[in-house]
Amino acid sequence: MLENQIDLGIPLSVLEHLLVLCTTDVYFSFRGRRFRQVDGVAMGSPLGPILADIFMASLEKKASRTLDGTILYKDTSTTR
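Written as structure tokens, this is what we have:
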């Protein structure tokens, strides 16, 4: 499942629980009222860019495997 594993000294189940806790139980206040973030990662969260990088790396890896050996066509007739 995980190709490049790093031993963090904590079980994977604990790491998963912490990730869910950090991304689903996020509260913020706006105009004196308190709200709970219910979907996605909150704007300004330090986890946002990290999770985006992980997702994009996974997507690029899948696309790379799918396109492996495929010849891509680029129309250069409209460029100077």
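Mapping to full-length UniProt numbering: the sequence shown position 58 is 58, numbers consecutive.
Where is the CB? At the ideal position from N, CA and C, for every residue including glycine.
From a predicted model like this one, the values you see are computed outputs, not experimental measurements.
Reference residue i, options the options, closest by Cα
i: VAL22; options: ASP39, LEU67 and ASP7; result: First, the amino acid is wrong: residue 22 is Cys here, not Val. Cα-wise, what sits closest to CYS22 is ASP39.
Beta-carbon proximity of residue i to residue j, cut-off 8 Å
i: GLN37; j: PHE28; result: yes
i: SER45; j: VAL26; result: yes
Span separating the alpha-carbon of residue i from that of residue j
i: SER77; j: ASP68; result: 26 Å
i: residue 84; j: GLU60; result: No answer is possible for residue 84: the residues shown for the chain start at 1 and end at 80.
i: THR70; j: PRO11; result: 40 Å
i: ALA57; j: LEU47; result: 15 Å
Spatial neighbours of residue i in its chain, beta-carbon cut-off 8 Å, leaving aside the 5 residues before and after
i: LEU8; result: LEU15
Neighbourhood of residue i by C-beta distance below 7 Å, restricted to the same chain and skipping five residues each side
i: VAL41; result: THR23, LEU47, GLY48 and LEU51
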